[in-house]
Amino acid sequence: MEDLDPTYIQAPEHRSDSNFIPNQPEEIPVIDLSRLDDPKDVQNVISEIGDACEKWGFFQVINHGVPSDARQRVEKTVKMFFDLPMEEKIKVKRDEVNPVGYHDGEHTKNVKDWKEVFDIYFKDPMVIPSSTAPEDEGLRLVYNKWPQSPSDFREACEVYARHAEKLAFKLLELISLSLGLPKERFHDYFKEQMSFFRINRYPPCPRPDLALGVGHHKDADVISLLAQDEVGGLQVSRRSDGVWFPIRPVPNALVINIGNCMEIWTNDKYWSAEHRVVVNTTRERYSIPFFLLPSHDVEVKPLEEIVSPENPPRYKGYKWGKFYVSRNRSDFRKLEIENIQIDDFKVNT
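Residue numbers are given in UniProt numbering: position 53 of the sequence shown equals residue 53, and the series is strictly consecutive.
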């Protein structure tokens, strides 16, 4: 085994063998969305989604409506991009000013991830706050960066993203119904949505016992939709005891997980689960997550319909755009302190 750059080395308690028990019979639910076509089964599907959000914060969906040819096209196209020489990829490299495009030095929890990524905003251009300062109400436009090669990279990505966004809103409505709320309850939060999607490439790693493709983390968004290939490596921490479970690749399925925003909106009823990606020595792995994000001016706080004297708010509110800008800028380098987390907004009880 060759030496590993120390910036990739996880603390012993966060390495791939930590709190992981292989060959467990339990796994996250796989939900068939074609059952929504049967009026007698709709409520069962809604209940299963609600149960999964509460117990795991994760589930998989099949027959979800995202065309397999759109997914296969983007998978093929992005692989061609990542196979390009580095001098070509860095022509569209992202930075702290323009946080979209190619990047190979992202940090999670202040440890470097063993991966390459390409980020794309769903809305182009996208409106984001000018700074993290609370008193600064300025906004700026950020434009996507597109490589010249492959020539159909942009079209393939945009077509897939439109399908993913449509499914994200369908799931958002089902989650709302599972809470006993109107299906459109969350729609107004997305008038200027900051959603984006990403392509991850995890190369073979000489020391998968020391490094992770992505370190343990929770997603800051509302809902994530992930297309993963057959290699596997995604793991989720079970809510009840923190034990890590592998998320088995299911052909043509999408992995769905609840982000911090939904956990706060539901006042901790639904769970934003920690997850991580383990790597291996022989095979590269690709995944394509779509992150559904609210508008920059949305205040994220527990819903009025959810809280009560018996269930008081567990979080203070925060402006989504400011939170996003702060988190995003901390991804580029190792910091002396951990970046902002939703626990920073917990109410002391």
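Where is the CB? At the ideal position from N, CA and C, for every residue including glycine. Keep in mind it's a predicted model, so treat the numbers as computed, not measured.
### Query
Going along the chain, which residues of its own chain have a beta-carbon closer than 6 Å to the beta-carbon of Val92, five neighbours each way excluded?
Excluding positions up to five away in sequence, the list reads Gly101, Tyr102, Lys145 and Pro147.
### Task
Tell me, please, which residues DSSP counts as bridged to Met126.
Val142
### Task
Measure the CB-CB distance between Val127 and Glu192 and report whether it falls below 8 Å.
yes
### Task
Taking 8 Å as the cut-off, decide whether the C-beta atoms of Glu54 and Lys269 are in contact.
yes
### Task
Compare the C-alpha of Pro246 against each of Pro129, Ala168, Gln228 and Val42 and name the closest.
Gln228
### Query
With distances taken between CB atoms, is the gap from Ile223 to Leu139 smaller than 8 Å?
no
### Query
CB-CB under 7 Å to Glu305, same chain, minus the five flanking residues each way: which ones, in chain order?
Leu181
### Task
Specify whether the segment 206-217 and the segment 7-16 touch according to this definition: at least 3 beta carbon pairs, one from each stretch, less than 8 Å apart.
yes
#### Entry: Buried or exposed by the 16-neighbour rule on C-beta atoms within 10 Å, applied to Tyr143
Exposed is the call here.
### Message
I'd like the span of the beta strand (DSSP E) that includes Ala227, first residue to last.
### Response
Ile223 to Gln228 is the span of the beta strand (DSSP E), which, as asked, contains Ala227.
### Query
If you count every other CB in all the chains shown that lies within 10 Å of the CB of Ser16, and 16 or more means buried, which is it?
buried
#### Entry: Identity of the residues DSSP links to Arg201 by a beta bridge
Glu116 and Tyr286
### Message
Can you tell me whether Gly101 is helix, strand or coil according to DSSP?
### Response
strand
### Query
Taking all protein chains shown into account, do 16 or more other C-beta atoms lie within 10 angstroms of the C-beta of Met262, making it buried, or fewer, making it exposed?
buried
### Message
If you follow the alpha helix (DSSP H) that Asn257 is in, where does it begin and where does it stop?
### Response
Segment Leu254 to Ile258 is the beta strand (DSSP E) holding Asn257; no alpha helix (DSSP H) there.
### Query
Can you list, in chain order, the residues of its chain whose CB lies under 7 Å from that of Val231, leaving out five sequence neighbours each side?
Arg283 and Arg285
### Task
Count the other CB atoms, across all protein chains shown, that sit within 10 Å of the CB of Val45; report buried if there are 16 or more and exposed otherwise.
That one is buried.
### N- and C-terminal bounds of the alpha helix (DSSP H) containing Gly180
Per DSSP, Gly180 belongs to no alpha helix (DSSP H) and is neither H nor E.
### Task
Give the secondary structure of Trp265 by DSSP, where H, G and I count as helix, E and B as strand, and everything else as coil.
helix
#### Entry: Neighbourhood of Phe118 by C-beta distance below 6 Å, restricted to the same chain and skipping five residues each side
Tyr102 and Ile199
### Message
If I measure Cβ to Cβ from Ala156 and keep anything under 6 Å in the same chain, skipping five residues before and after, which residues do I get?
### Response
Arg73, Val74 and Thr77
### Task
Could you tell me which residues DSSP puts in a beta bridge with Lys346?
Tyr315
### Nearest residue (CA-CA) to Ile120, options Asp104, Pro134 and Ala161
Ala161
### Residue range of the unbroken beta strand (DSSP E) whose run includes Gly215
Val214 to His217
### Query
Should the segment 248-267 be regarded as contacting the segment 60-74, the criterion being three or more beta carbon pairs within less than 8 Å?
yes
### Task
Return the first residue and the last residue of the beta strand (DSSP E) that Asp32 is part of.
Val30 to Asp32
### Query
Taking the alpha-carbon positions, what's the Tyr189 to Trp265 distance?
Taking the straight line from one Cα to the other gives about 12 Å.
### Task
Flag this pair as yes or no: are the beta carbons of Val300 and Tyr318 separated by less than 8 Å?
yes
### Query
Does DSSP put Gln72 in a helix, a strand or coil?
helix
### Same chain only: Cβ atoms within 7 Å of Val278, ignoring 5 sequence neighbours per side
Ser16, Pro208, Leu212, Gly213, Gly233 and Gln235
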